Amino acid sequence: MRIGVDGKKALGNFTGIGNYSRRVINGLLKIGDDVTVYGPRKHNRTAAAQISAAARIVTQPFSMPGKTGFELWRAFGLPRRLESDGVDLFHGLSNELPANITSAVCKKVVTIHDLIFLRHPETYPAMMRRTLEAKTRKACIESDAIVAVSDWTRRDIVDLYGISPEKIHVIYQSIDPVYFNTVDDAEVDRIRNVYGISGRYVICVGTIEERKRACVAVDALRFLPDDVEAVIVGKRTPYQQKVEESASVFGNRVKILNGVPTQDLPALYAGASVALNPSKYEGFGIPVAEALAIGTPVIASKGSCLEEAGGPDSVYLEADSQSAEWASAIERILEDDGLSCRMSVSGREYAARFTDRIQAEQLHSLYMSLVK
């Protein structure tokens, strides 16, 4: 079976969807699938270098440069190219399929990561929201099958788009294998020194935007012992100013870290007493799964997919719970070594389902069912 995948994000960036796309491609190649990546001629060479050399990468003709040229090629040139390449199935990895994909004779699959732009429209500019809604709805309708990265996302697709549940297949995202490795104490101490962390700490990882509610981790310090710190890791957005204002009264007890290299994250998770995720809504919850794989106890919000990512032994609170309630949950873990140890062990066991191989095998099985 010959598989074609949309390389727009895989070759373009290091966001969550870009990482997901490369993990899918490399995972399929490792289990022996034939994968061709279709993307823009002008792309991120570093991102491309993270794709296995076993993949074939095809870009649009040089005579059609730029973003507009790429989109035109995706709409009118790509369907013909898929046919000439003998592609049996095309997978759009980022909530969309090329505009004219119905003219291609192969099977079509799309991954839907979330419908945040519908559940929380206030978090997107109006034009971007309309574009995302149109592309996502169209992809759901035109695909032969939909991959949802969580059961929560599957239910959203059914509820908001009226898509038949039988068309949707829940296949969890994988996480980087580095999070399954044991981080030794020397590396944890080194990373603590790099970022100026001196005491026990709670870590909160994710883009620092209002929906993810990093302020909860900061405000909880009012009810926690003075030696407990909050470490906020993520991409800066305008909301960070509000977090910084809340943090100002705590001095060095709050560390807000932007641009942290991926290689530093395992030790930051490993050194934390608790990983906190108080987000109102997520499509999957990669930071939760990463923390579990490292062995860090997790406290997260109810009401979206985080309970799927965190498993039965993490602690969950209502997303609108007050800071004192989050602090109380944190303190229970801080003061009970037995509880912390049990959560660490069970979390590692639960996270074992989020591997590249399991994801690739489940995708391969779906592809085979469609092509046959």
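Mapping the sequence shown onto numbering that gives the first Met the number 0, position 319 (from 1) lands on 318, and the numbers just tick up by one.
Note that the Cβ used here is the ideal one computed from N, Cα and C, for glycine as well.
All values derive from a computational prediction rather than experimental measurement.
With respect to the beta strand (DSSP E) encompassing residue i, which residues constitute its N-terminal and C-terminal limits?
i: Val314; result: Val314 to Leu316
i: Ala274; result: Val273 to Asn276
i: Ala266; result: Counting along the chain, Ala266 falls outside any beta strand (DSSP E), though it belongs to the alpha helix (DSSP H) covering Leu264 to Gly270.
i: Ala308; result: Not the beta strand (DSSP E): Ala308 falls in the alpha helix (DSSP H), residues Leu305 to Gly309.
i: Ser300; result: Val297 to Ser300
Taking the alpha helix (DSSP H) that residue i falls in, what are its first and last residues?
i: Arg191; result: Asp184 to Tyr194
i: Arg331; result: Ser322 to Glu334
i: Arg199; result: First-last for Arg199: Arg199 to Val204, but that is the beta strand (DSSP E), not the alpha helix (DSSP H).
i: Asn25; result: Gly15 to Lys29
i: Thr135; result: Ala125 to Glu141
i: Ile162; result: That residue, Ile162, is in no alpha helix (DSSP H); it is neither H nor E in DSSP.
i: Ile285; result: Ile285 to Ile293
i: Ile115; result: Ile115 to Arg118
i: Ser245; result: Gln239 to Ala246
i: Val217; result: Cys214 to Asp218
i: Ser173; result: Unbroken run through Ser173: none, as it is neither H nor E.
i: Pro78; result: Leu77 to Ser83
Let me make sure I understand the geometry here. Which of the options has the alpha-carbon closest to that of residue i?
i: His168; options: Glu281, Val248 and Asp155; result: Asp155
i: Tyr37; options: Tyr19, His90 and Glu330; result: His90
i: Glu95; options: Ala144, Arg55 and Asp336; result: Ala144
i: Asp87; options: Val344, Ser343 and Asp33; result: Asp33
i: Asp113; options: Trp325, Ser163, Ile16 and Ala185; result: Ile16
i: Glu324; options: Arg221, Arg80, Ser93 and Ser364; result: Arg221
i: Arg210; options: Ala318, Ile196 and Leu92; result: Ala318
i: Tyr238; options: Cys214, Glu360, Asp225 and Ile357; result: Cys214
i: Ala46; options: Gln59, Phe69 and Ser20; result: Ser20
i: Arg347; options: Ala269, Cys304, Ser368 and Glu330; result: Ala269
i: Gly258; options: Val287, Val242, Tyr194 and Glu244; result: Tyr194
i: Val344; options: Ser303, Ile329 and Val297; result: Val297
i: Asp226; options: Ala326, Lys241, Ile162 and Arg252; result: Arg252
i: Gly250; options: Ser197, Leu275, Tyr349 and Asn192; result: Ser197
i: Cys340; options: Leu369, Ser313, Pro164 and Gly284; result: Ser313
i: Gln262; options: Pro224, Arg189 and Ser93; result: Arg189
i: Arg80; options: Thr67, Ile56, Ala359 and Ile30; result: Ile56
i: Gln358; options: Pro286, Thr110 and Pro311; result: Thr110
i: Ala216; options: Asp335, Glu330, Met342 and Leu71; result: Glu330
i: Lys241; options: Glu228, Pro260 and Arg212; result: Arg212
i: Leu267; options: Gly76, Leu338, Val182 and Ser322; result: Val182
i: Lys137; options: Leu369, Tyr160 and Val187; result: Tyr160
Going along the chain, which residues of its own chain have a beta-carbon closer than 6 Å to the beta-carbon of residue i, five neighbours each way excluded?
i: Arg73; result: Pro97
i: Val230; result: Tyr200, Ile202 and Lys254
i: Arg153; result: Ala147, Ile167 and Val169
i: Leu333; result: Ser272
i: Ile162; result: Cys139 and Ile156
i: Met342; result: Pro296 and Asp312
Return the chain-ordered list of same chain residues with a C-beta closer than 8 Å to the C-beta of residue i, the five sequence neighbours on each side being excluded.
i: Thr14; result: Lys8
i: Leu365; result: Val108, Ala144, Val146, His168 and Ile170
i: Ser247; result: none
In terms of DSSP beta bridges, what is residue i paired with?
i: Thr58; result: Gly38
i: Ile2; result: Val34 and Leu88
i: Lys254; result: Val230
i: Lys371; result: None, per the DSSP bridge assignment.
i: Thr110; result: Val146
i: His168; result: Val146
i: Ala359; result: For Ala359, which the question treats as bridged, DSSP gives no partner whatsoever.
i: Ser102; result: DSSP lists no partner for Ser102.
i: Ala47; result: DSSP output for Ala47 lists no bridge partner at all.
Ignore the nearest five residues each way along the sequence and tell me which others in residue i's own chain have a CB closer than 7 Å to its CB.
i: Glu307; result: Ser149, Asp150 and Trp151
i: Glu141; result: Leu96, Ile100, Thr101 and Lys107
i: Tyr178; result: Pro265, Glu289, Ala292 and Ile293
i: Thr206; result: Gly233, Lys234 and Thr236
i: Gly85; result: Arg1
i: Asn43; result: Leu10, Gly11 and Asn12
i: Leu28; result: Val34, Ser51, Ala53 and Ala54
i: Val104; result: Glu82
i: Gln49; result: Arg21
i: Gln361; result: Ile170
i: Glu132; result: Phe116 and Leu117
i: Ala328; result: Ile298, Val314 and Leu316
For residue i and chain B, any beta-carbon pair shorter than 8 Å?
i: Ala46; result: Absent here is chain B; the protein component of the structure consists of one chain.
At least three beta-carbon pairs within less than 8 Å, the stretch 13-31 to the stretch 115-130: no
Meets three-Cβ-pair contact criterion under 8 Å: the stretch 4-13 and the stretch 37-47: yes
Looking at C-beta atoms only, is the number of pairs between the stretch 353-366 and the stretch 172-190 that lie closer than 8 Å three or more? yes
At least three beta-carbon pairs within less than 8 Å, the stretch 113-122 to the stretch 272-286: yes
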